[in-house]
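The structure under discussion appears below in the form of structure tokens.
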Amino acid sequence: EDQFRFVYKRLSGPGSIVAQVLSVENTHPEAKAGVMIRGSLDLNAPFAAVVVTPSLGCHFQTRLVLGTDVTTDNSVATPEQNAIKAPYWIKMERDAADNFNGYTSSDGVHWTPMAWNPQTITMFPEVYVGMVLTSRNASVLCKARFSDVQVHGSVLSGNWTNEAFGVAMP
């Protein structure tokens, strides 16, 4: 079951989110901070995300169908991708055919496509796009810092909404 903090806006149709992950606390080797496009606010909803971990690199993660397990690009991740640490730029794009592509960048200008591109995930036209953070340890608070967050496409809500998924969190 999903357990994370999500700060999001609503998006209609194709679009993308770009952010620089400045830091993510090492509360667990699989703690992660990143960008996500999510089909709904239901627990276990389909999603695509690019996340940065404290010690295991940067990864593309998905849930293709409501209620199924999360999958990750571990089997195809490059050594360069596995070496990424914050601060680093990440991007998730969705096209009109529900193809999701993840990217990384050391400078926010020159982007490297992730090896797992594209992942096709059927979602409604209206989705949720934002920043995600999990400690991977329900008893420990994890902090991350982001900068230069940009959402491109038909944004339906101007303000960011902050929501906890799963267990109660401070």
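Numbering follows the numbering used here, in which position 66 of the sequence shown is assigned residue number 66; successive positions increment by one, without gaps. Even for Gly, the Cβ is constructed at its ideal location relative to N, Cα and C.
Beta-carbon proximity of residue i to residue j, cut-off 8 angstroms
{"i": "A31", "j": "T53", "result": "yes"}
{"i": "V51", "j": "W116", "result": "no"}
{"i": "V155", "j": "T27", "result": "no"}
{"i": "Q81", "j": "G57", "result": "yes"}
{"i": "M114", "j": "D69", "result": "no"}
{"i": "S16", "j": "G158", "result": "no"}
Three-state secondary structure assigned by DSSP to residue i
{"i": "Q81", "result": "helix"}
{"i": "L43", "result": "coil"}
{"i": "I37", "result": "strand"}
{"i": "N162", "result": "strand"}
{"i": "C142", "result": "coil"}
{"i": "V51", "result": "strand"}
{"i": "D148", "result": "strand"}
{"i": "G130", "result": "strand"}
Which listed residue (the options) has its alpha carbon closest to that of residue i
{"i": "N101", "options": "D107, G108 and E93", "result": "E93"}
{"i": "V167", "options": "S135, V155 and D98", "result": "S135"}
{"i": "T122", "options": "G13, Q81 and N159", "result": "G13"}
{"i": "I37", "options": "N74, S55, G158 and F60", "result": "F60"}
{"i": "N99", "options": "S105, E25, L64 and T78", "result": "L64"}
{"i": "Y88", "options": "T120, D148 and T78", "result": "D148"}
{"i": "Y103", "options": "N74, H152 and V35", "result": "V35"}
{"i": "T112", "options": "I90, D2, D95 and Q3", "result": "I90"}
{"i": "P118", "options": "A96, I84 and P79", "result": "A96"}
Sheet register partners of residue i (DSSP bridge)
{"i": "P113", "result": "Y103"}
{"i": "I121", "result": "According to DSSP, I121 bridges with nothing at all."}
{"i": "Q61", "result": "A49 and T72"}
{"i": "Q20", "result": "W89 and S147"}
Short CB-CB distance (under 8 angstroms) between residue i and chain C
{"i": "V35", "result": "The question asks about chain C, but that chain is absent: this structure has only one protein chain."}
Whether or not the region 9 to 29 and the region 139 to 155 are in contact is what I'm after, with contact meaning three or more pairs of Cβ atoms, one per stretch, closer than 8 angstroms; do they touch? yes
When you compare the region 157 to 167 with the region 3 to 14, are there three or more beta-carbon pairs, one atom per stretch, that lie closer than 8 angstroms? Enough Cβ pairs lie closer than 8 angstroms, so yes.
Does the region 43 to 59 come within contact of the region 117 to 137, defined as at least 3 CB pairs closer than 8 angstroms? yes
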